[in-house]
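*Asks:* This structure is in structure tokens; I'll ask about it shortly.
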Amino acid sequence: MIGTTLRGRYHIIKSLGSGGCGETYLAEDRDLPRNPHCVVKRLQPQSKKSSVLATAKRMFNTEAETLHKLSHPQIPKLQANFQEHSEFYLVQDFIDGDDLSKTELKIGQKLSETEVINLLIEILEVLAYVHQQNIIHRDIKPANLMRRHSDGKICLIDFGAVKEISNLSVNPQGQPLTVMVGTHGYMPNEQANGNPQLSSDIYAVGVIAIQALTGLNPDPRSGEFKKDANGELIWQNQVQIAPLFAAVLTRMVLYDFNQRYPSAVEALAAVKAVKNSNQNTYSPTSTPPEVVSQPNPDNHSGKKPNKPKKQNFWMKKKVFIPIAAAGIMSPLLAEIIKQLPPPSSPPPPPLPCQKFSPYDNYEYGFKIKYHPTWRRQAIDDPMTGEITKFMAPDDARAKVTIKVEKLQKTLSLAEYSQASMEEINKFFPQVTILNRQDGTLANSPAYELTYQGVENGVMVKKIEMGIVRTDKAYVVIYGAENGQYNKFESTAREMMQCFDLL
């Protein structure tokens, strides 16, 4: 291929590598001024049978359309796609940079917690754009993350869907087969079984973070990443990090894809919440700032002002009082305590909506932020009006459900509240209305009902808050078994405070 000019335009000058997905070349675009560099990928199905080639052509056109609609400065732009004979070609922007497997994510190399958090934010910001287009990358790994020389930004390359074309083969009956696309170690179970999800990419990013923190090699052949009997990664004993960050990473790499963050949007919000939390938390290992007292401006005695005293004097002199001698040395201890600076007030905790993960639903016109350890599940039931629910961690049967009901006629808030209470009494066995009061939801007047009754044979307690907007009612419900209700009520109410209309 070296020296070949494709379509009379793309002149191949160098091989960049080959693998299961075909061959990649550096080329010059001779149709443009200064002949800028570009990347040409040659994809060739493993079988030459007509049925395979027909399938390959269909897949190629579909994936080319998918890549074409990705317009992000940190994703190589698709310049052209074409077929010559039984070979398929993609032409993309050339990224001048280094892939992270050769730099900051070398096997055996460790990064600090802060460095990993910042790296995750960089990766997830690009991936969030991809997921918002409902596209799965399918092969996120250090080698497919490029640090661009010109601006130092991370670029996401080599989308896995294209590789499926080169992996096409046939079964004994001559029918086209596709094989798994992804890289062992970074690829979760459902993807290996041919059922990739958006959250499959989240698993890969989580593995990259654990690799960066521990220096361990995710490749199963290395045996360094251990799993328990349930298929969950065992990694927490390898590194000490903030509990909130550990919880976020644990959720990212859960075996069950339904329990991970549903997309990079939610994962990014969770990691940013960790960063904000770390910035607002005093670290006992950090050196306190040296606060120097100022001379008294009202000193008119003519005496030289006292030299400023550093408030962390006793820490610098490393004065230690043995506990056993505390009774004997209590006068000295009292004097030391008087000299120590007063403890500074801890920074106020971030508002709930700042530390929670966002979820926007443009179809039904609402948004909410939920706790990073809770998981979201789409419902979209036209019979009940339930759109989505957020479930508490640790298999707790506590959840926050959002309903959007289209009204058949105009109702006031009081009328809808009364209709809702009548429906509860009708369909909720052994119900008891515990409280009925006015509240606030989405910065608007709302009704609030608290009630309990039997659901699926178990006594549960619920809070229901709702508002009416023209022809729709928006309702947020927190429910849990009586024994778990108090445990999650505070978090659920914070989530309700984060509910708003778009």
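Residue numbers (UniProt numbering): 1 to 502.
Heads up, the beta-carbon is just placed ideally off N, CA and C, and yes, glycines get one too.
1. Can you name the start and end residues of the alpha helix (DSSP H) that LYS272 belongs to?
2. Between the alpha carbons of ASP31 and ARG9, how many angstroms are there, rounded?
3. Note the first and the last residue of the continuous alpha helix (DSSP H) segment covering residue 568.
4. According to DSSP, simplified to helix, strand and coil, what is GLN109?
5. Taking 7 Å as the threshold (C-beta atoms), are LEU244 and VAL274 in contact?
6. Assuming contact is defined by CB atoms lying nearer than 7 Å, are ILE157 and PRO36 in contact in what I supplied?
7. Where ASP96 and ILE13 are concerned, what is the direct C-alpha to C-alpha distance, given to the nearest angstrom?
8. Taking all protein chains shown into account, decide if residue 503 is buried (16 or more other Cβ within 10 angstroms of its Cβ) or exposed.
9. I'd like the span of the alpha helix (DSSP H) that includes GLN211, first residue to last.
10. Which ranges does the beta strand (DSSP E) cover as unbroken runs of at least 3 residues, wholly within the segment 9-53, from first to last along the chain?
11. Considering just the uninterrupted stretch of the beta strand (DSSP E) at ARG376, what are its terminal residues?
12. Based on the DSSP output, what are the partners of ASN435 in its beta bridges?
13. Classify TYR186: buried if its beta carbon has 16 or more other beta carbons within 10 angstroms, exposed otherwise.
14. For ALA492, I'd like the list of residues in its chain whose CB is within less than 6 Å of its CB, leaving aside the five on either flank, ordered along the chain.
15. Using DSSP with H/G/I as helix, E/B as strand and the rest coil, what is PRO349?
16. For the alpha helix (DSSP H) that GLU190 lies in, which residues bound it at each end?
17. Considering Cα atoms alone, identify which of VAL130, GLN452, GLN83, ASN144 is closest to VAL265.
18. What residues in its chain sit with their C-beta under 7 Å from that of THR4, if we drop five residues either side in the sequence?
19. Distance, Cα to Cα, ALA442 vs ILE368?
20. Tell me the rounded alpha-carbon separation between MET459 and GLN452.
21. Mark ALA267 as exposed unless 16 or more other C-beta atoms lie within 10 angstroms of its C-beta, in which case mark it buried.
22. For ASN486, which residues from the same chain have a beta carbon less than 7 Å from its beta carbon, with the 5 sequence-adjacent residues on both sides left out?
23. Determine the closest residue to ASP93 out of ILE107, ALA27, GLN197, PRO393, with distance taken between C-alpha atoms.
24. Assuming THR269 and PRO358 make a contact with CB atoms under 8 Å, what is their CB distance in whole Å?
25. Pull up the distance between the alpha-carbon of SER86 and that of ASP360, whole angstroms please.
26. Out of ARG34, VAL39, LYS462, which has the shortest C-alpha to C-alpha gap to GLU23?
27. Mind checking LEU362: buried by the 16 CB within 10 Å criterion, or exposed?
28. Would you call the CB atoms of TYR89 and ARG58 closer than 7 Å?
29. In whole angstroms, what is the alpha-carbon distance linking LYS462 and THR450?
30. Would you kindly check if the distance between the Cβ of PRO142 and the Cβ of SER101 is under 7 Å?
31. Starting from SER490, trace the alpha helix (DSSP H) in both directions and tell me its first and last residue.
32. Do you know offhand how far ILE402's Cα is from TYR364's?
33. Just verifying my parser: in three-state terms, what is the DSSP assignment at LEU90?
34. Identify the continuous alpha helix (DSSP H) that holds PRO243 and give its terminal residues.
35. Have a look at the DSSP bridge pairing and note the partners of GLY97.
*Replies:* Looking at the atomic coordinates:
1. Run containing LYS272: 264-279, per the alpha helix (DSSP H) assignment.
2. Each residue's Cα considered, the two are about 6 Å apart.
3. The structure shown does not extend to residue 568, since the chain is modelled only from 1 through 502, so no value can be given for it.
4. coil
5. With contacts defined by Cβ atoms closer than 7 Å, VAL274 and LEU244 form a contacting pair.
6. No; because the gap between Cβ atoms is not below 7 Å, this pair is not in contact.
7. 15 Å
8. Nothing can be reported for residue 503: it is not among the residues displayed for the chain, which extend from 1 to 502.
9. 198-214
10. The segment 9-53 contains these whole beta strand (DSSP E) runs: 10-19, 22-29, 37-43.
11. 375-378
12. THR450
13. buried
14. VAL400, TYR478
15. Bear in mind that the predicted position of PRO349 carries a pLDDT of just 39, short of 50, making it unreliable; the figure below should be weighed with that in mind. Coil.
16. 189-192
17. VAL130
18. ILE12
19. 9 Å
20. 7 Å
21. buried
22. none
23. Taking the Cα of ASP93 as reference, the smallest distance to any Cα among ILE107, ALA27, GLN197, PRO393 is reached at ALA27.
24. The sequence as given places Ala at residue 269; Thr does not occur at that position. Yes, ALA269 and PRO358 are in contact; Cβ-Cβ is about 5 Å, under 8 Å.
25. 44 Å
26. Ranked by Cα distance from GLU23, the options ARG34, VAL39, LYS462 are led by VAL39.
27. In the sequence as displayed, the identity of residue 362 is Tyr instead of Leu. When all chains shown are included, TYR362 counts as exposed.
28. no
29. 6 Å
30. The Cβ-Cβ distance between SER101 and PRO142 falls below 7 Å.
31. 482-497
32. Cα-Cα distance, rounded: 11 Å.
33. strand
34. It spans 243-252 - the alpha helix (DSSP H) in which PRO243 sits, taken as one unbroken run.
35. ARG148
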